[in-house]
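Engineer: Just so you know, the sequence shown maps onto residues 59 to 240 in my numbering.
Just so it is clear, CB atoms sit at the ideal spot from N, CA and C, and this is done for glycine as well.
As the structure is a computational prediction, the values presented were derived from the model and not from experiment.
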Amino acid sequence: MNHTEIGEIDQRFLIALFEKTSGNPAAEASMYEIGIDLGLDRDRSKQIAENLIGWELIEIRTLAGSIAITTGGVDQVQEKEKRTGASDDIVFELSNGPTLKETVCKRIDQILAKLKIQAGNLGLDFDTLTEYVADLKTIESQLLSSRPKTAIVKAGFLSIQDILEKAKVPDSLLLVKKILGK
59 MNHTEIGEID
69 QRFLIALFEK
79 TSGNPAAEAS
89 MYEIGIDLGL
99 DRDRSKQIAE
109 NLIGWELIEI
119 RTLAGSIAIT
129 TGGVDQVQEK
139 EKRTGASDDI
149 VFELSNGPTL
159 KETVCKRIDQ
169 ILAKLKIQAG
179 NLGLDFDTLT
189 EYVADLKTIE
199 SQLLSSRPKT
209 AIVKAGFLSI
219 QDILEKAKVP
229 DSLLLVKKIL
239 GK
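#1: Leaving out the 5 sequence neighbours to the left and right, which residues in its chain are closer than 7 Å to I64 when beta-carbon positions are compared?
#2: Could you tell me which of L170, T186, D101, E198 sits nearest to D220, measuring between CA atoms?
#3: Express the C-alpha separation of T128 and T208 in angstroms, rounding to a whole number.
#4: Just checking, does the stretch 71 to 79 make contact with the stretch 94 to 111 on the three C-beta pairs under 8 Å criterion?
#5: Pair every Cβ in the stretch 155 to 162 with every Cβ in the stretch 89 to 97, then say whether three or more of these pairs are closer than 8 Å.
#6: Who are the near neighbours of F215 in its chain, counting only those whose CB is closer than 6 Å to its CB and skipping five residues on each side?
#7: Which residue wins for smallest C-alpha separation from I175, given the options V162, D183, Y190?
Next comes the structure, spelled out in structure tokens:
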């Protein structure tokens, strides 16, 4: 299998490692922490890491699960970004766990900032715009909680997805769908 044929979850795992290590092959990260950020359990994280090791995109550094991206892995991520224009694309989806991790909350906060900026340019009627803003604020308020609830954040993004579909905003819609795992 050549590198351009790797599966979506493998690619997302590789991109997450790239981001966590800033694309530096000398830096290490835990395969299990990356898996948690992507909503994966330990076994699935290990399986994906083994695939990527087999394709020489990452290498194992310690028996405890520390991994590093290879130069081939860096090239794969950069090539994927060139093909899709996805340099700041989202590389995670919300997990099924009851609460969100801090790293996920930070990414969601960045996404909310993008979604807020475009609110006035969506061409929505007043009621729909009010709903859109309320959904953004609902998600934002969950991020302020000491235990942000995944289900509430998902419900907010599902509502936002419906609004973006009606408004025909493909870039933001794709972003929200990725968060929701669609």
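Structural biologist: Quick look at the numbers:
#1: Within the same chain, and ignoring the five residues on either side of I64 in sequence, the residues whose Cβ sits closer than 7 Å to its Cβ are W113.
#2: T186
#3: 33 Å
#4: yes
#5: yes
#6: Within its own chain, the residues whose Cβ lies closer than 6 Å to the Cβ of F215, once the five positions on either side in sequence are excluded, are V234, I237, L238, listed in chain order.
#7: Y190
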